[in-house]
Amino acid sequence: MKKVLFAIAGLGLFIASCKNNDELSISGKVDNAGDIKKVLLYEADQLVDSAFLNESNEFKFRRLAPQANFYTLVIGEKNYLLAGANGDELEFKANLSDATNAYDIKGSKDAEKIREFNVMSNEFGQINKKIQDEYSSMVNARPNSKDSIYNVLMPKFQDNMKKFSETAFKFVQANKDNLAGFFAAGNIDQTQYEQELIAYAEEVKPKFPDNKAVQSFADRMISVKPVSVGQIAPDFELPDAEGKSHKLSDFRGKYILLDFWASWCAPCREENPNIVKQYEKFKDKGFTVLGVSLDEDKADWLKAIKDDKLNWPHLSELKRWDGKVTLLYKVEGIPASFLLDPQGKIVAKNLRGADLQQFLEKTLK
């Protein structure tokens with residue numbers, strides 16, 4: 000009798016170890032599917048397979064996945080991000096009537112961690128929604144107080160986003176060896192965590208050599224490093240409105256706000272009065288501004304300088320986004336600014352409004 004029991008136990012161990020290490024398996028069940036009959040499977044951003052739901056609203060996919068990668072299940076209008084590789088047997092379950100897009104997943108550490116991050120992210124998202132709903136309700140009740148309501152609620156929104164980024168970055172640090180950490184990194188405000196994300200990109204790049212998404216992110220972040228905080232700002236030479244060339248290095252010896260803007264950029268024009276105010280206040284204390292315009296039309300550029308009373312040096316290639324300096328500084332949106340110390344080192348980026356004033360008041364006492 001003992002021999003039979005041992006044989007049965009051994010058979011159980013054999014069966015338990017018989018998963019296919021040469022493929023990725025994704026099986027799932029969808030509750031409250033309604034009229035939905037098909038599930039789509041995307042690998043990264045490419046549609047790679049589809050499966051019909053059976054009578055029990057179940058489906059299954061099998062894929063060759065030699066390297067860990069992202070997969071998205073598209074079920075009706077809902078998307079669910081997963082991750083896996085050969086040897087993983089993912090078991091997915093979702094209820095389409097759940098407005099929070101909650102789901103269960105097991106069978107892959109990466110997929111389980113992504114779900115963990117999504118739960119955390121949704122909690123912060125619910126807080127943002129509550130603030131936005133409160134704003135809409137208050138504005139509907141008092142439309143003439145829109146600006147004051149905004150000023151009251153925006154700090155709450157910004158504080159929540161700050162806490163989210165802090166929490167998300169802690170998650171990234173704890174998950175450097177899996178795709179969930181990379182997924183979380185993509186949700187962090189790059190302007191606030193640029194140096195940290197550059198360091199993360201340099202560390203994660205060799206860990207996922209065949210993952211296109213990781214490599215693209217890493218290459219982009221590493222390319223920003225030469226114009227990140229702590230680096231000496233790359234020198235350049237551009238003409239002013241009269242055609243005379245000037246080098247960035249010609250202005251060393253002062254704190255310089257290198258300001259990328261354009262006459263057609265509404266947010267730039269809205270920020271200009273603040274820059275004028277700070278320029279007039281600190282120009283005799285070792286501060287200046289150097290404007291680099293992304294205009295194409297010279298007349299529009301000069302008119303905006305005159306209208307906004309921008310009494311500092313201005314340079315431009317008149318090539319919009321294709322200017323060599325715009326490309327050199329990785330400017331993908333304006334207004335964009337780089338604050339340089341007297342030695343030409345970048346000490347801050349994209350300081351606007353009160354943030355610029357506070358920096359100058361603290362630095363140029």
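Residue numbers (numbering that gives the first Met the number 0): 0 to 364. Cβ coordinates follow ideal geometry from the N, Cα and C atoms, glycine included.
Flag residue i as yes if its beta-carbon sits less than 8 Å from any beta-carbon of chain C, otherwise no.
i, result
"THR99", "The structure shown contains no chain C; it is built from a single protein chain."
Suppose contacts are defined by Cβ-Cβ distances below 8 Å. Is residue i in contact with residue j by that definition?
i, j, result
"ALA179", "ALA167", "no"
"PHE286", "LYS253", "yes"
"PHE259", "LEU359", "no"
"ASP294", "SER315", "yes"
"TYR79", "ALA93", "yes"
"VAL291", "VAL324", "yes"
"ILE35", "ILE74", "yes"
"VAL223", "LYS329", "yes"
"ASN127", "THR99", "no"
"ILE113", "ALA82", "yes"
"HIS245", "PRO312", "yes"
"LYS344", "ILE231", "yes"
"SER262", "LYS318", "no"
"GLN189", "GLY229", "no"
"ARG268", "ASP299", "no"
Measure the C-alpha to C-alpha separation of residue i and residue j and round it to an integer number of angstroms.
i, j, result
"LEU309", "MET160", "33 Å"
"TYR41", "ASN20", "21 Å"
"PRO266", "ASN186", "24 Å"
"LYS145", "LEU152", "11 Å"
"LYS348", "LEU338", "6 Å"
"PHE51", "VAL29", "11 Å"
"LYS361", "TYR278", "15 Å"
"GLU241", "LEU289", "16 Å"
"ASP218", "PRO142", "46 Å"
"LYS284", "PRO341", "12 Å"
"GLY124", "ASP132", "12 Å"
"ALA43", "LEU72", "11 Å"
"GLN157", "MET137", "18 Å"
"GLU57", "SER49", "13 Å"
"ALA32", "ASN150", "43 Å"
"LEU95", "ALA101", "9 Å"
"GLU331", "TRP320", "8 Å"
"PHE181", "ASN174", "8 Å"
"VAL47", "ASN53", "20 Å"
How is the beta strand (DSSP E) around residue i delimited, first residue to last?
i, result
"ILE255", "254-260"
"ILE74", "68-74"
"PHE250", "Segment: none, PHE250 is in no beta strand (DSSP E) and carries neither H nor E."
"ASN94", "88-94"
"PRO238", "236-238"
"VAL38", "37-42"
"PHE286", "286-292"
Rank the options by C-alpha distance to the C-alpha of residue i and give the top, closest one.
i, options, result
"PHE60", "LEU39, GLY75, ALA200, ILE148", "LEU39"
"LYS155", "SER107, SER120, ALA303, TYR134", "TYR134"
"ASP234", "GLU241, VAL228, TYR199, ASP249", "ASP249"
"SER164", "ASN150, TYR192, GLU202, ASP132", "TYR192"
"ARG351", "CYS264, LEU301, LEU256", "LEU256"
"SER55", "VAL47, LYS37, ASP321", "LYS37"
"ARG62", "ASN53, GLU115, GLU22, GLY27", "GLU22"
"ASN271", "LEU355, TYR102, ASN31, ASN150", "LEU355"
"ASP176", "PRO205, LEU326, MET220, ARG251", "PRO205"
"ALA353", "GLY27, LYS276, VAL47", "LYS276"
"GLU236", "LEU247, VAL226, SER227", "LEU247"
"PRO225", "VAL203, GLU202, ALA198", "ALA198"
Check for me: the alpha helix (DSSP H) holding residue i runs from which residue to which?
i, result
"ARG62", "Note, ARG62: premise wrong, no alpha helix (DSSP H); beta strand (DSSP E) at 57-62."
"THR166", "145-173"
"ILE274", "265-281"
"ASP306", "297-306"
"ASN121", "108-140"
"GLY83", "Where GLY83 is concerned, there is no enclosing alpha helix (DSSP H), although the beta strand (DSSP E) it sits in stretches over 77-83."
Check whether the Cβ of residue i lies closer than 7 Å to any heavy atom of the ligand MN, and answer yes or no.
i, result
"LEU339", "Ligands are entirely absent from the displayed structure, and the ligand MN is therefore not among its contents."
Stretch pair the region 55-72 + the region 203-222: three plus CB contacts closer than 8 Å | yes
Using 8 Å as the threshold, is the region 99-108 in touch with the region 81-88, meaning 3 or more CB pairs across them?
-> yes
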